[in-house]
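Residue numbers for the sequence shown follow the numbering used here, beginning at 13 and rising by one.
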Amino acid sequence: MAILSFLVQLFGATMLLLFAVRMVRTGIERAFGAGFRRIVTQKAGALRSSATGLGLALILQSSAAVALLVAGLAGAGELSFAVGLAVILGADLGS
Numbered sequence: 013m014a015i016l017s018f019l020v021q022l023f024g025a026t027m028l029l030l031f032a033v034r035m036v037r038t039g040i041e042r043a044f045g046a047g048f049r050r051i052v053t054q055k056a057g058a059l060r061s062s063a064t065g066l067g068l069a070l071i072l073q074s075s076a077a078v079a080l081l082v083a084g085l086a087g088a089g090e091l092s093f094a095v096g097l098a099v100i101l102g103a104d105l106g107s
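Structure follows, in structure tokens:
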């Protein structure tokens, strides 16, 4: 019974985290939309992209939110893999 309770709580916590990250992503896209997209998609070196990820993680207080935002931009084809990876690695440093 304790294992079932643990699994239900783990599942609930995971779903709550994903919901919260989605809400943050939606809020950021609505508030900063084009500006955020312009900042992240600038063609720059790996160091500048990492610094951008670091700054975004400090502002958003969540590297998971930055990772989901960057994954969404990469999935839409607006961001290259190398730049997206650098931003996510920088975001990991910022959290």
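Cβ atoms here follow ideal geometry from the backbone N, Cα and C, with glycine treated the same way.
Measuring only the C-alpha atoms, how far is residue i from residue j?
i, j, result
"residue 39", "residue 23", "24 Å"
"residue 81", "residue 14", "36 Å"
"residue 36", "residue 48", "13 Å"
"residue 69", "residue 21", "27 Å"
"residue 18", "residue 28", "15 Å"
"residue 41", "residue 16", "37 Å"
"residue 56", "residue 98", "10 Å"
"residue 30", "residue 91", "22 Å"
"residue 60", "residue 43", "23 Å"
"residue 62", "residue 45", "20 Å"
"residue 67", "residue 106", "7 Å"
"residue 101", "residue 89", "19 Å"
Of all the options the options, which has the alpha carbon lying nearest to the alpha carbon of residue i?
i, options, result
"residue 96", "31, 20 and 51", "51"
"residue 53", "104, 18, 86 and 105", "86"
"residue 32", "77, 64 and 58", "77"
"residue 34", "64, 58 and 72", "72"
Kindly say whether residue i, judged by its beta-carbon, lies nearer than 8 Å to any beta-carbon of chain E.
i, result
"residue 59", "Among the chains of the structure shown, chain E does not appear; only one protein chain is present."
Taking residue i and residue j to be in contact with their CB atoms under 8 Å, please state how far apart those CB atoms are, rounded to whole angstroms.
i, j, result
"residue 94", "residue 75", "18 Å between Cβ atoms; not a contact."
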